[in-house]
Amino acid sequence: MNILIVDDSRLNVKLIEDILHQLQGDHYILKASSGEEAVEIMKSNEVNVVLLDLVMPGMSGLDVLKIMKQTELMSQKQVIMVTKVEDLEILRECFELGAKDFIRTPFNALEFSVRVQAVISSVEKDTKLNKALSLLENQNVELKRINQSLKDTQSYVVEKEKITAIGSLLKNLSEEIEKPIDYSLMELNHLRDTLDQLSLPLEVNFKSLENIEKQLGSVQKRISAIKAYFDEDEKGGFIYVTLCELVDDVIFLMSRELSNISELVRDYREEQMIYCNPLMLKQAIKYIVENAVEAVKELPRSRIEIKTFSNSGAVFLIVEDNGEPVIGKATGRVFEPFFTTKSKQHHMGLGLSIAYDIIVNKLGGNIELEQLEKTTRVSVAFIKK
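Residue numbers (the numbering used here): -5 to 379.
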């Protein structure tokens, strides 16, 4: 604790110094015999408490206070005026400039020591508080940095998962398109041969044309579905859409993954309109259905049921599968990033996490997972708007 005594009277300085040596704690005493010297000491040293005489030749104590106020020398300092001045207006000005207390001279040693000790204790508490606040601020900055790093990592992994999903989708699409194109080419070759020969009945040629049209129409439908899936702007595009149509689009795009499901049930009670971003909701539904497919793909008799219905206040989507419950008591963690019950060579456990983020944080809905006796159910709900 650094204490500065500012007084032009050597006797007063000696009396104050003797009292300070009797106070508790470790104190380092600085002395100035003028206001000018006091200002220079405060500029070059850390000072915690200033015992300032008000009346001095040259720069007065009031002038010192004004300079301290103007130059921020008052920061983190406690100033006690030591004076015989009784002018209340001058004392009021001292307090307005930042003085914390005043002691009249001649002073009583006991009163002086008690009041100075109280100020010193206040400074010590403030110092500890400032150190604690500084530590908290540093920890807060570090926590923000770590949090941002985690967000960046999660965003990177989420984007990587999306790219993986898109790659899988495009791979399936290429395989689905390849078959009708190959068939169409075969029909075209056959048609060319028959036209060259001009020996087959005309209706056979029309039959070939119909087959080509059918296969190319299938290609067009698949391409249109993919285009519709990705055309919506992920950052906007909130419109009213029919929930069951979105589900059908997802099922069509996942036809290859769902082809090995023994029983796929679609139970659409009615056409429920929902206000959402279609692309976002399709992505979420796709992750939920993928989770169900993953759960039942090893079963000899697999079953997935998708329901849509509504009541007076909300629209619901239910996806149930008959996969063996493996999550147990961890149902509350299935929407956490990286949580998975699968081996490391499989997905990283982000599907339901991304679905949760889309449905809850971006679309304002709700999603829950329940493990029933023979089924696992994912329920999605949106308030009607």
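Ideal Cβ placement from N, Cα and C applies to all residues, glycine included.
Nothing here was measured: the structure is a model prediction, and the numbers come from that model.
Inter-segment contact for the stretch 122 to 139 and the stretch 15 to 23 is absent: fewer than three beta-carbon pairs are separated by less than 8 Å.
Every beta strand (DSSP E) stretch that sits fully inside the stretch 223 to 294 and reaches 3 residues is listed by chain position as 233 to 236, 257 to 262, 267 to 270.
The residue among A289, A278, K291 with its C-alpha nearest the C-alpha of V374 is A278. Fewer than three pairs of CB atoms, one per stretch, sit closer than 8 Å, so the stretch 61 to 69 makes no contact with the stretch 95 to 114. Within the model, the alpha-carbon separation for L258 versus T369 is close to 14 Å.
Looking at V244, Y350, L240, D1, the one whose alpha-carbon comes closest to that of V33 is D1.
Collapsing the DSSP output to three states places A103 in a helix.
A straight line joining the alpha-carbon of A289 with that of L252 spans about 12 Å.
For S107, the CB contacts under 7 Å within the same chain, skipping 5 residues up- and downstream, are I13, Q16, L17 in chain order. Under the rule that a run must span 3 or more residues, the beta strand (DSSP E) segments found entirely inside the stretch 12 to 91 read 22 to 26, 43 to 47, 72 to 77. The beta carbons of I268 and V235 sit closer together than 8 Å.
K291 is positioned such that its CB atom lies no closer than 8 Å to that of N316. In the three-state reduction of the DSSP assignment, N316 falls in the coil class, being assigned neither a helical nor a strand state. By the CB criterion at 8 Å, I(-1) and K37 fall outside the cutoff. The Cβ neighbour count for G358, taken over all protein chains shown within 10 Å, is under 16; the residue is labelled exposed.
With a 10 Å radius around the Cβ and a threshold of 16 neighbouring Cβ atoms, G345 comes out buried. Burial state of T121 is exposed, judged by a 10 Å Cβ sphere holding fewer than 16 other Cβ atoms. Distances from the alpha-carbon of A103 to those of K8, E364, K356 put K8 closest.
An exposed status is given to G231, since fewer than 16 other beta-carbon atoms sit within 10 Å of its beta-carbon.
One Cα belongs to Y350, the other to Q72, and the distance between them is close to 55 Å.
The shortest C-alpha to C-alpha distance from K60 to any of F89, N42, K78 is the one to F89. In the three-state reduction of the DSSP assignment, K94 falls in the coil class.
Assignment of N305 by DSSP, reduced to helix, strand and coil, places it in the coil class. The Cβ neighbour count for K125, taken over all protein chains shown within 10 Å, is under 16; the residue is labelled exposed. Under the three-state reduction of DSSP output, S296 falls in the coil class, being neither helix nor strand. Rounded to whole angstroms, the gap between the alpha carbons of K276 and N285 is 14 Å. Residue range 345 to 350 is occupied by the alpha helix (DSSP H) that includes I348.
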